[in-house]
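Chains A and B are the protein sequences, given in the same order.
Position 145 of the first sequence, counting from 1, maps to 299 under the working numbering, and the rest follow consecutively.
Position 36 of the second sequence, counting from 1, maps to 119 under the working numbering, and the rest follow consecutively.
The beta carbon of each residue, even a glycine, is placed where N, CA and C say it ideally should be.
Step one of this worksheet: look at the structure below.
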Amino acid sequence: MTISSIFLCGIVVTYVALADNYKDKYDEIKTERDSFKETAEDKTEQYNQKVVEKDALEKRLNSEINNLKIEINTLKSDLKVVEAQKMHEEKRASDMASVVETTTQTSKETTKLLMDREAQLTLAEAERIKLEAQLEDTSNTLLERLAIIQTLEKEKKQLLEEKAELQSRMEKLLQPTGKAPAPVVTVTPTTDIARLAPIVTKKIELRGLVTAVDTKNKMASISIGTADGVKEGMRFHVTRANKFICDILIIDTDAEEAVGVLELIEEQPRAGDTIATNL
Amino acid sequence: MSPNRRIRGGKVIAADNLYTVILGIAFGVVLATAVFVAYKCYFQYETIFNIP
């Protein structure tokens, strides 16, 4: 029994020595729980604050979303307008491109024409310079010829004066002998005198009929007028079966008829007689 | 242990002081155990008999 009690005491001592300090653990757990509780309260407060902030932010974002939706609608309408303008501008650009292409082609043609004209102008300028040189040569030659003519005229005048003096001397010498100096025959042939060229004319050859005759005033009208080439002052010969009747001097003309005065009347003309400018 | 051994019926019998010493040692051990347990209870739970 003693040994058992000692053994039990050893067990008790061992158990008590090795037993955990549950009070310290309890304190630690309690402290930890309190800290967790405070943390939970802080977190709850933060959560509530965040919820409030979230509500405010949600309201603000909703208002911004509404504003952005309105802005999106406005931008959509603007986009439609801009797209319409873009299509219009693209069409205009294509039109302008075709115009530019046409203008470019026209410009090329104009440039080519201008180059041709410049080449022609260069040739004309060269021709002009050549002609100016020829003109200057001709002018110089003409001046020289004029100077020669003036000199020759002066010499001719002197020779005429000498001739007159010599003729007067010869007449004075030959007069007592009853002789006179014969006219001087020149050795150099005289040049031909200029004559009129023959006049070349063309026949008019208008033909028509006498339409009416006023014997009292010696007037007659004919069937052709200015449309056929009749002019005032023309003279028509009236014939009847190859017989000359008279002349008609036209004094007034119309498009389809003309009126004239009867001249050189050999027989009285009648309506239907033939008239012609040439017999 | 007592040096005086008693023999009864031809057997050696232990002296009475030996049992007293054993009982004393056992008592001391139990007492020390009780003191140790009380010490541990007081310093760990600040009480000996109550449940904290």
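Discussion item. How far does the beta strand (DSSP E) with Thr135 (chain A) in it extend, from its first residue to its last?
Written reply: Chain A is shown from 155 up to 433; residue 135 (chain A) falls before or after that span and cannot be answered.
Item to complete: Put Ile96 (chain B) into one of helix, strand or coil per three-state DSSP.
Response: If you number the second sequence from 1, residue 96 (chain B) lands on position 13. Ile96 (chain B) sits in a strand when the DSSP states are folded into three classes.
Discussion item. On the DSSP bridge list, what partners appear for Gly111 (chain B)?
Written reply: For this step, residue 111 (chain B) is matched to residue 28 along the second sequence. Gly111 (chain B) pairs with nothing; no bridge assigned.
Worksheet item: Would you call the stretch 93 to 106 of chain B and the stretch 406 to 422 of chain A in contact, with 3 or more CB pairs under 8 Å?
Response: Cβ pair count under 8 Å is below three, so no.
Practice prompt. Count the other C-beta atoms from every protein chain shown that fall within 10 angstroms of the C-beta of Phe390 (chain A), then say buried if there are 16 or more, exposed otherwise.
Written response: Translated into the one-based positions of the first sequence, residue 390 (chain A) becomes position 236. So Phe390 (chain A) counts as buried.
Worksheet item: Taking C-alpha atoms, which residue in A:Arg394, A:Asp401 and A:Thr393 lies nearest to Gly387 (chain A)?
Response: What you label residue 387 (chain A) is simply residue 233 of the first sequence in a count that begins at 1. Of all alpha-carbon atoms in A:Arg394, A:Asp401 and A:Thr393, the one lying nearest the alpha-carbon of Gly387 (chain A) is that of A:Asp401.
Practice prompt. Could you list the residues in the stretch 160 to 177 of chain A with a C-beta less than 9 Å from some C-beta on chain B, going in chain order?
Written response: Identification of residues in the stretch 160 to 177 of chain A having a C-beta nearer than 9 Å to some C-beta of chain B yields Ile160, Leu162, Cys163, Gly164, Val166, Val167, Val170, Ala171, Ala173, Asn175, Tyr176 and Lys177, given in sequence order.
Item to complete: Using a Cβ cut-off of 8 Å, pull out every chain B residue sitting near Thr156 (chain A), in sequence order please.
Response: As a position in the first sequence, residue 156 (chain A) is number 2, starting the count at 1. Result: Ile105, Leu106, Ile108 and Ala109.
Item to complete: May I have the straight-line CA-CA distance separating Val118 (chain B) from Gly164 (chain A), to the nearest angstrom?
Response: Position 35 of the second sequence, counted from the start, is the residue given in the question as residue 118 (chain B). Position 10 of the first sequence, counted from the start, is the residue given in the question as residue 164 (chain A). If you take the alpha carbons of Val118 (chain B) and Gly164 (chain A), they lie about 13 Å apart.
Discussion item. Rounded to whole angstroms, what is the Cα-Cα separation between Glu309 (chain A) and Met324 (chain A)?
Written reply: The count along the first sequence starts at 1 and reaches residue 309 (chain A) at position 155. The count along the first sequence starts at 1 and reaches residue 324 (chain A) at position 170. Taking the straight line joining both Cα atoms gives about 22 Å.
Worksheet item: Do we get a CB-CB distance below 8 Å when we pair Phe119 (chain B) with the residues of chain A?
Response: Counting from 1 along the second sequence, the entry for residue 119 (chain B) is found at position 36. Answer yes: the Cβ-Cβ gap between Phe119 (chain B) and chain A drops below 8 Å somewhere.
Discussion item. Any beta carbon from chain A within less than 8 Å of Pro128 (chain B)'s own beta carbon?
Written reply: For this step, residue 128 (chain B) is matched to residue 45 along the second sequence. Note that residue 128 (chain B) is Tyr in the sequence shown, not Pro. Nearest CB-CB separation between Tyr128 (chain B) and chain A: below the 8 Å threshold.
Worksheet entry | Residue span of the alpha helix (DSSP H) that contains Lys278 (chain A), given as start and end | Within the first sequence, the letter at position 124 stands for residue 278 (chain A). The identity of residue 278 (chain A) in the sequence shown is Ala, whereas the question assumes Lys. Its alpha helix (DSSP H) spans residues Tyr176 to Leu328.
Item to complete: For chain D, find out if any of its Cβ atoms is closer than 8 Å to the Cβ of Glu309 (chain A); answer yes or no.
Response: Looking for chain D here will not work: the only protein chains present are A and B.
Item to complete: Starting from the C-beta of Ile399 (chain A), find all residues in its chain whose C-beta is less than 7 Å away, skip the five residues before and the five after it, and write them out in chain order.
Response: In the first sequence, residue 399 (chain A) corresponds to position 245, counting from 1. Annotation for Ile399 (chain A): Val392, Thr393, Glu420, Glu421, Pro423 and Asp427 place their beta carbon closer than 7 Å to its own, counting only its chain and skipping 5 residues before and after.
Discussion item. My output table needs one value for Val415 (chain A): the three-state DSSP class, helix, strand or coil.
Written reply: Looking up residue 415 (chain A) in the first sequence gives position 261. In this structure, Val415 (chain A) counts as strand in the three-state DSSP scheme.
Fill in: 7 Å Cβ cut-off: residues of chain A touching Lys123 (chain B)
Reading the second sequence from its first residue, position 40 is the one you call residue 123 (chain B). Those within 7 Å of Lys123 (chain B) in chain A are Val170.
Worksheet entry | Same chain, Cβ closer than 6 Å to Ile157 (chain A), neighbours up to 5 away in sequence not counted | Your numbering for residue 157 (chain A) matches position 3 in the first sequence. Taking Ile157 (chain A) as the centre and dropping the five residues before and after it, the same chain places no C-beta closer than 6 Å to its C-beta.
Item to complete: Identify the continuous beta strand (DSSP E) that holds Ile404 (chain A) and give its terminal residues.
Response: As a working mapping, residue 404 (chain A) is identified with position 250 in the first sequence. Where Ile404 (chain A) is concerned, the enclosing beta strand (DSSP E) stretches over Phe398 to Thr407.
Worksheet item: Does the beta carbon of Gly95 (chain B) come closer than 8 Å to any beta carbon on chain A?
Response: Counting from 1 along the second sequence, the entry for residue 95 (chain B) is found at position 12. Strictly speaking, residue 95 (chain B) in this sequence is Val, with Gly absent from that position. So, not an interface residue.
Practice prompt. Use the C-beta contact count for Ala381 (chain A): other C-beta atoms within 10 angstroms, 16 or more gives buried, fewer gives exposed.
Written response: Here the question's residue 381 (chain A) lines up with position 227 in the first sequence. Counting other Cβ atoms within 10 Å of its Cβ, Ala381 (chain A) stays below 16 and is therefore classed as exposed.
Discussion item. Contact criterion: CB-CB distance below 8 Å. Does Asp99 (chain B) meet it with respect to chain A?
Written reply: Taking the first residue of the second sequence as position 1, residue 99 (chain B) is located at position 16. Nearest CB-CB separation between Asp99 (chain B) and chain A: not below the 8 Å threshold.
Discussion item. Buried or exposed for Ile134 (chain B), going by 16 or more other Cβ atoms inside 10 Å?
Written reply: Taking the second sequence and counting its residues from 1, the one referred to as residue 134 (chain B) is at position 51. Burial call: exposed.
Practice prompt. Would you be able to state if there are at least three C-beta pairs under 8 Å between the stretch 181 to 199 of chain A and the stretch 110 to 128 of chain B?
Written response: No, they do not touch.
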